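Residue 177 in our numbering sits at position 177 of the sequence shown, and the numbers go up by one each step. Some notes on the structure that comes next.
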Amino acid sequence: MAKEECISEWDKTGNTSALRNRKIIPTSEKTSQTTSTPLSEDRTSPTAGHLSKDGSQSSDRTSAQSSSRGHAANEPPHRVLLMLVAGLSFSTRLYKITEPPHVCWDETHFGKMGSYYINRTFFFDVHPPLGKMLIGLAGYMTNYDGTFPFIKPGDKYEHHSYWGMRGFCAALGSFLPIFAYLTVLELSQSHTAALITAVLLIFDTGCITISQYILLDPILMFFIMASVLSMVKFNQQRPWPFTASWWLWLALTGVNLAGALGVKFVGLFVILLVGLNTVWDLWRLLGDRSLSLVEIAKHFLARVFGLILLPLLLYVTIFAVHFVVLNKSGPGDGFFSSAFQSRLIGNNLHNASMPEYLAYGSTITVKNLRIAGGYLHSHWHLYPEGVGARQQQVTAYLHKDYNNVWLVRRQGDNETHSGTPDLVRHGDIIRLEHKETTRNLHSHLHEAPLTKKHFQVTGYGINGTGDTNDLWQVEVCGGRKGDLVKVLRSKVRFLHRATGCVLYSSGKTLPKWGWEQVEVTCSPYLKETPSSQWNIEDHINPKLPNISLSVLKPHFLEILLESHIVMIRGNSGLKPKDNEMNSKPWHWPINYQGLRFSGVNDTEYRVYLLGNPVVWWLNLASLGLYLIMVAVASIAIQRGLSLGQKRIEHCLVLKRDGGLLLLGWLLHYAPFYAMGRVLYYHHYFPAMLFSSMLTGITLDVLLKSTELLLRPPYCDWLQRGGQLVLLCGVLYSFYLFHPLSYGMTGPLAHEPGSAMAGRKWMDSWEF
């Protein structure tokens with residue numbers, strides 16, 4: 001088929017691709033160019049627009065560039081459709097944004113953290129800080145004063161200004177259908193595919209619900225979709241490297257990658273997607289023999305700057321702002337080291353003074369040097385039956401608490417003597433008496449609760465009276481016999497005299513009988529590790545002189561590294577909340593079970609996070625359909641069947657652009673199968689965005705393939721009919737299930753008289 005005919009036939013489909021406005025090449029040049037540059041490579045050719053040997057192309061570069069960029073995305077119908085998509089997206093997300101006027105689901109966490117930023121109070125969270133910082137900023141800009149406590153779901157907001165934080169999240173969530181529309185339009189050059197994608201996302205009840213509350217998810221998904229759109233836009237700039245627009249989209253990709261990672265570590269998945277795309281792009285450039293090694297090196301360095309150095313700089317800057325803003329002591333102090341705490345205003349270690357050396361009779365707290373290892377802690381509760389000896393529990397606790405306080409006693413001495421106390425030295429044998437319960441730190445040959453090869457540690461005796469299993473030898477790591485124990489600065493081990501084991505924080509979380517605190521054991525393995533090393537933090541002894549602790553303040557890189565270790569360990573140790581069911585990854589694509597955001601009975605205002613079943617099941621079916629279509633198309637091409645230029649372009653869109661979206665879906669979904677932490681339904685929503693975009697492209701190509709079965713105008717009627725059925729199905733299902741997002745009252749779905757009667761299509765749905 002002649003190239004002019006291909007362009008003409010391509011125009012008839014209504015698919016406004018870059019081919020529409022390309023300069024028609026004279027017949028004398030056409031044969032050689034068609035032979036050397038297949039049409040399948042035309043859109044991505046790295047040498048498009050470069051000088052030819054005779055310089056003939058350079059004179060037309062400006063006109064070719066402007067015509068090629070003047071594709072469908074700049075035509076008036078596109079602007080009208082984009083305005084329609086934006087209007088519907090914002091209206092569905094901002095509708096009833098203040099309802100219900102009470103705390104819903106995880107607003108209790110992220111709303112509270114926004115308040116911490118307004119109050120400049122340090123806290124601990126398992127996610128990076130950008131999302132919470134933006135929530136706090138949105139609240140501050142809309143006159144929220146940071147005084148609402150966010151104690152539990154259901155608490156009334158009353159006079160507090162919460163709408164700004166919800167509105168900010170909803171606004172970012174409103175951009176998701178817009179970004180998806182633009183991304184699919186850039187990939188497929190089809191308004192139909194882009195519009196199908198936008199409709200699926202605009203009228204998905206799950207996307208609406210997760211966007212309307214004070215959560216990290218809409219912020220995360222905003223940056224993920226912005227990263228993908230920027231990457232696709234950058235890919236379209238390949239013919240014009242190092243121009244202003246090329247640099248703009250490269251830089252925006254890097255900025256958005258930093259934003260995604262700065263909200264949640266899930267942002268690593270979109271970084272991997274962009275990374276794989278970049279590797280493939282560089283590999284293609286390496287194979288272009290028209291480029292010199294210097295030009296390839298320039299491409300490589302530009303991507304290193306835009307996609308590695310720039311995001312890294314922005315990511316570190318986010319944490320720098322985080323540490324500057326949160327400069328007051330708060331509930332997260334105990335997760336961090338003593339040196340970290342010394343920089344927080346109001347912490348007992350900030351600009352504090354205390355005795356420099358540990359002494360007998362001192363009141364102390366003992367902190368494990370393992371990150372998030374906790375304070376040595378005990379309480380009145382006993383180990384349950386069948387868990388070692390039924391004696392008092394000893395744990396590690398991550399928060400500051402009165403039950404972390406111990407008294408340093410000499411072997412066999414329960415009295416506090418007058419005069420200057422003796423100092424504790426390397427090799428001394430001591431007892432640690434729990435101040436609240438007066439029981440001694442004790443170990444014996446019973447196995448530990450969780451770490452079975454270690455020994456159990458308990459509280460034993462009363463009023464300091466116990467037995468020889470209460471004796472511990474103090475060892476200063478790297479010290480010699482007679483060395484003094486320095487408060488905060490000495491790394492100390494406690495060697496159990498009777499068994500020869502060493503006091504150890506395993507990092508494992510105890511069951512509910514242990515109040516989900518950290519297990520403390522006595523390890524028979526004597527190798528020095530942070531888990532077996534401790535430091536003396538609080539130290540009170542009025543008989544000793546005090547020194548200033550200002551020398552302890554750490555450097556920025558030290559606190560940056562420590563904060564990441566704490567976040568990663570905290571993330572992996574997350575457990576389900578009480579009365580809340582977690583889910584498994586295979587549940588998510590089939591819409592097996594949602595999440596209660598608010599209300600559990602017929603008298604409460606109920607909001608339930610559940611995807612529009614028609615949208616989600618259509619996405620699931622389209623994944624299988626996509627694989628079948630790609631397989632059929634590949635076989636047809638391999639067999640040399642005459643498909644025509646238009647259908648070859650359809651195949652390329654499916655394989656190249658659909659493949660990119662399929663990879664994005666896999667990268668945002670498959671890793672959850674390997675995760676050991678607790679998982680929830682909302683973790684699937686980033687993958688769902690990619691699935692919806694893939695559905696748009698797949699269904700568009702499927703409908704256009706009716707030309708293989710019917711002649712015009714019947715194929716056109718069938719296409720329009722299919723599009724109409726799809727639109728009506730999505731809209732009707734939205735009508736049926738929109739109360740899930742906008743609130744329900746009255747009887748539950750399975751009860752008589754319910755407004756949702758007959759809509760509980762799966763028994764696992766809980767509305």
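Just so you know, even glycine gets a beta-carbon here, dropped at the ideal spot from N, CA and C. Given the structure is predicted, the values throughout are model-derived calculations rather than measurements.
Three-state secondary structure assigned by DSSP to residue i
i      : result
Met221 : helix
Trp105 : coil
Thr142 : coil
Lys553 : coil
Leu623 : helix
Glu29  : With a pLDDT of 36 at Glu29, under the threshold of 50, the modelled position of that residue is not reliable, and the figure given next carries that caveat. The answer is helix: DSSP assigns Glu29 an H, G or I state.
Asn440 : strand
Ser523 : strand
Phe335 : helix
Tyr771 : Look at the range of the chain in this structure, 1 to 767, and you will see that residue 771 is not part of it.
Ala359 : strand
Asp538 : strand
Leu252 : helix
Met744 : strand
Leu702 : helix
Thr603 : coil
His683 : helix
His750 : coil
His738 : helix
Leu182 : helix
Lys486 : strand
Val266 : coil
Tyr592 : coil
Residues bridged to residue i (per DSSP)
i      : result
Val518 : Ala396 and Thr509
Glu447 : Phe455
Met629 : According to DSSP, which records beta bridges pairwise, Met629 is partnered with nothing at all.
Gln473 : Ile429 and Leu495
Trp406 : Ile364 and His434
Tyr460 : Asn440
Span separating the alpha-carbon of residue i from that of residue j
i      : j      : result
Ala226 : Leu94  : 20 Å
Val614 : Gly729 : 7 Å
Ala633 : Phe305 : 39 Å
Phe767 : Leu620 : 23 Å
Thr147 : Tyr117 : 11 Å
Trp249 : Ala302 : 12 Å
Arg43  : Leu185 : Only weak support exists for where Arg43 lies, its pLDDT of 41 falling under 50; the value from the coordinates is given anyway. Computed Cα separation, rounded: 14 Å.
Glu751 : Tyr592 : 21 Å
Glu158 : Tyr140 : 17 Å
Phe340 : Ile559 : 6 Å
Ile24  : Val270 : With a pLDDT of 34 at Ile24, under the threshold of 50, the predicted position of this residue should be treated as unreliable, though the coordinate-derived value follows. Straight-line Cα distance between these residues: approximately 38 Å.
Val366 : Ile151 : 30 Å
Thr509 : Cys501 : 21 Å
Thr108 : Tyr680 : 17 Å
Leu724 : Thr121 : 54 Å
Leu220 : Tyr684 : 12 Å
Gly87  : Ala198 : 12 Å
Gln719 : Val701 : 10 Å
Gly753 : Pro747 : 6 Å
Proximity below 8 Å, CB of residue i to CB of residue j
i      : j      : result
Leu293 : Leu549 : no
Lys435 : Thr363 : yes
Val80  : Tyr181 : no
Ser598 : Cys169 : no
Phe335 : Ala372 : yes
Asn541 : Gly361 : yes
Leu229 : Thr278 : no
Gly775 : Ile135 : In the structure as shown, the chain begins at 1 and stops at 767. Residue 775 is therefore absent and cannot be evaluated.
Arg343 : Lys553 : yes
Arg410 : Gly507 : no
Val492 : Arg425 : no
Thr698 : Met762 : no
Leu82  : Asp657 : no
Leu200 : Thr695 : yes
Pro128 : Lys264 : yes
Leu771 : Val255 : Absent from the structure is residue 771, since the part of the chain shown begins at 1 and ends at 767.
Practice prompt. Please determine if the segment 326 to 333 and the segment 520 to 536 are in contact, where contact requires at least 3 C-beta pairs separated by less than 8 Å.
Written response: no
Worksheet item: On the three-pair Cβ rule with 8 Å, is the segment 503 to 521 touching the segment 453 to 468?
Response: yes
Worksheet item: Does the segment 386 to 397 come close enough to the segment 427 to 444 that 3 or more CB-CB pairs lie under 8 Å?
Response: yes
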